[in-house]
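The opening position of the sequence shown corresponds to residue 652 in the working numbering, with each subsequent residue numbered one higher.
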Amino acid sequence: LEKVFYQLCNLLHAPIVFVFVFDGPGRPSMKRGTRVVFHDNNREFMRDLKAMILAFGFYHYEASAPGEAEAELAQLNASGKIDAVITEDSDCFVFGARRVIRTHGLESLTDVAVSRPSVQNSALVYTLDTLPLDTDAFLLCALLLGGDYGPGIPGAGPKVATALAACGFGRELVKILKTCIGIVLDQRLDQWRRMLQKELAENTSGFLDCCHPSLAASMNPTFPDIRVAEMYLYPLTSKSPIFLGAAPDVSSWRPKLPDITSLSSFCSTKFGWQGQPLLKKFNSTLWPGAAFKLISLVRFRMSL
């Protein structure tokens, strides 16, 4: 928790309204073949984390998202309610996100905010419109390569997956899944699979680096797993027809200052920082970001 405190101090240096979204009760119970278990000590940590997020002047999604946080963030981004998703989860584009910021290799998100041109040039900010793959192609790649919901096809690497996506197999698969049911769905998927195997074996489009007859022959006759594909296509979010809760109040997500009194009390209780040690810690970690946030907030209000 103390490490998160320092990370949140870094976020104060960025002129960004941060909203943290957490997995909800509808999240999948299995990921990568492992049952997801939520322990009581995790619940205590999450309560403390959310309290600290609010004290810093940031926001968290009170509903904790109906399902997976990545899916909820992706739909918020796709609908224009947030500008970008900050995550290391590669499934975000599969869920429909338009802009994703990956922080791998950055000292902090300050680098994203302050050094925006260099960040763009180093491809740490990914915008769907500028990528060679669309959402349907990302879905196909997730099914071929494997992910949180399924193992994928052994031997199908990124080059093979992106080449098959370039052939339009992702677009055709999504069309089938969205328009067909019952026996027709099974028939169309069987046709689609045979065309995919033919492309792997013969490379008729020329997009593959070579022919992959053994990979084509070893493909499971049940590929793709419809259940897995639909978990990507129709994730449980606040936009889902079956979700009966309240959607997030986006209008309340506005810049605000950290609550120094709450942070002092929190750090005293959770970290044992009091008196001079507390002031010394705040002087080196909290005050610089708080001062920056104050200046940026004044500029924000002047621009209204």
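Ideal Cβ placement from N, Cα and C applies to all residues, glycine included.
ask   = Is it buried or exposed for Ser889, if we count other Cβ within 10 angstroms and need 16 for buried?
value = buried
query = Considering only the beta carbon of each residue, do Leu887 and Gly747 sit closer than 8 Å?
reply = no
inquiry  = Tell me the residue span of the alpha helix (DSSP H) that contains Arg601.
reply    = The chain is shown only over 652 to 955; residue 601 falls outside these bounds and no answer can be derived.
The alpha helix (DSSP H) enclosing Tyr883, as first and last residue numbers = 877-884
task = Out of Arg753, Leu791, Phe709, Thr781, state which residue places its alpha-carbon closest to the alpha-carbon of Ile877.
result = Leu791
inquiry  = Determine whether the beta carbon atoms of Pro906 and Val736 lie at a separation below 8 Å.
reply    = It is not a contact, given that the beta carbons lie outside the stated cut-off.
query = Among residues of its own chain, excluding the 5 on either side of Ala702, which ones have a beta-carbon nearer than 7 Å to its beta-carbon?
reply = Phe917
query = In whole angstroms, what is the alpha-carbon distance linking Arg845 and Met870?
reply = 10 Å
ask   = Taking Cβ positions, are His711 and Phe673 nearer each other than 8 Å?
value = Judged by their CB atoms, His711 and Phe673 are nearer to each other than the 8 Å cut-off.
ask   = Taking Phe696 as the reference, which of Ser730, Phe709, Phe656 has the closest Cα?
value = Phe656
inquiry  = Whether or not the segment 834-850 and the segment 808-821 are in contact is what I'm after, with contact meaning three or more pairs of Cβ atoms, one per stretch, closer than 8 Å; do they touch?
reply    = yes
key: Residues near Pro872 in its chain [Cβ-Cβ closer than 8 Å; skip 5 each side]   = Arg844
First through last residue of the alpha helix (DSSP H) which encompasses Thr855 = Neither: Thr855 is in no alpha helix (DSSP H) and is coded neither H nor E.
message = What does DSSP give as the partner residue(s) for Arg750 in the beta ladder?
response = Under the DSSP definition of a beta bridge, Arg750 partners with Thr778.
ask   = alpha helix (DSSP H) containing Val655: first to last residue?
value = 653-662
ask   = Nearest to Pro783 by CA position, among Gly797, Lys810, Leu794, is which residue?
value = Lys810
ask   = Span of the alpha helix (DSSP H) holding Lys810?
value = 809-817
request  = Measure how close the beta-carbons of Leu652 and Lys829 come, nearest whole angstrom, since I'm counting them as under 8 Å.
outcome  = So it is not a contact: roughly 44 Å between Cβ atoms.
ask   = How is the alpha helix (DSSP H) around Ser730 delimited, first residue to last?
value = Where Ser730 is concerned, there is no enclosing alpha helix (DSSP H), given that its DSSP letter is neither H nor E.
key: Through-space distance from Gln726 to Phe858, alpha-carbon basis   = 31 Å
ask   = If you drop the 5 nearest sequence neighbours on each side, which residues of the same chain put their C-beta closer than 7 Å to that of Ser913?
value = Ala706
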